[in-house]
Amino acid sequence: MRRHLAAAVGFTILAVVWSYPLALHLSTHLAGAGLGDNALFVWNFWWMRTALASGADFFHTTYLFAPVGADLTLHTHTALPAFAGATVLRALPVVAALNLTILAALSLNGFCAYLLAWRSTRDRGAAMIAGLIFGCSPYLAAHLNGHFNLTTAWTIPLFALALADAVKGSVKGAVLCGVILGVTAYIDYYYVVYEVALAACSRSRPGTGRSHWARPIRIRVG
């Protein structure tokens with residue numbers, strides 16, 4: 000991974016520049032045009048800290064819909080980033096912890112796409128362009144306004160990277176795929192569906208051990 004260290008640093012700097020001026024207001028501001036869905040993720044981070052401190056179940060809260068409470072299993076809970084905010088980043092204010100996980104996700108989006116492209120092309124320039132296109136896509140820019148769960152898209156290219164080994168019979172690759180699926184489930188359920196669909200569309204070429212995407216089926220209408 001040493002050869003990719005410069006790329007990792009570059010995508011970290013890009014995340015800070017791309018989300019500017021968020022890095023200058025980590026403890027006081029949220030990404031987005033105003034208060035909206037972005038405030039939900041502050042609550043997620045607060046509730047994770049509260050749940051861990053009190054021994055409560057993070058996936059059920061009595062702070063909503065009292066007195067019966069609310070189940071958070073299908074809530075946009077972002078449990079993994081919130082857990083990082085309550086443990087690794089526990090010394091920071093809740094808003095600062097949230098913003099740092101957002102910046103980390105933006106960095107990983109470009110870097111993981113870069114690694115996937117590097118594996119396919121072995122061309123550093125092409126891989127950097129791929130990382131830029133994926134990491135700075137309009138899709139991610141739009142969701143940076145408040146849907147922070149969907150800005151954590153790095154698990155998809157990382158899953159594809161592990162899948163390339165798994166379809167060739169690599170046990171390590173298969174285990175990594177399972178781990179990444181599990182990690183994704185604690186960030187956003189939508190991306191789990193995409194990763195499962197990606198796995199279903201990928202198979203190994205008989206006799207070569209090389210993976211490729213399944214060819215689309217042409218259907219004639221009329």
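For the sequence shown, counting from 1, position 7 maps to 6 in numbering that gives the first Met the number 0; every step adds exactly one. C-beta atoms are modelled at their ideal positions from N, C-alpha and C, and glycine is treated no differently. All values reported here derive from a predicted model rather than from experimental measurement.
Around the beta carbon of D70, a 10 Å sphere encloses fewer than 16 other beta carbons of the protein chains shown; the residue is thus reported as exposed. For T60, the pairing in a beta bridge is given by DSSP as A69.
In the assembly as shown, L23 is an exposed residue. Its beta-carbon has fewer than 16 other beta-carbons within 10 Å.
N37 places its beta carbon 7 Å or farther from that of L25.
Our two residues, R48 and T120, have alpha carbons roughly 43 Å apart in a direct line. When the five nearest sequence neighbours on each side are left out, no beta carbon in the same chain lies closer than 6 Å to the beta carbon of A55.
The residue among G109, A65, L73 with its C-alpha nearest the C-alpha of F10 is G109.
Taking the C-beta atoms as reference points, T154 is found nearer than 7 Å to T183. Under the 10 Å beta carbon count, F64 is surrounded by fewer than 16 other beta carbons and is classified as exposed. P137 and A14 have their C-alpha atoms spaced approximately 14 Å apart. Annotation: F147 is outside any alpha helix (DSSP H) and is labelled neither H nor E by DSSP. Our two residues, G33 and H146, have alpha carbons roughly 13 Å apart in a direct line. In this structure, DSSP gives L162 a helical state, which the three-state scheme calls helix.
Relative to the Cα of G31, the nearest Cα in the group L175, S169, A141, F57 belongs to A141. Of the residues L97, W117, A5, H74, the one whose Cα lies closest to the Cα of Y189 is H74.
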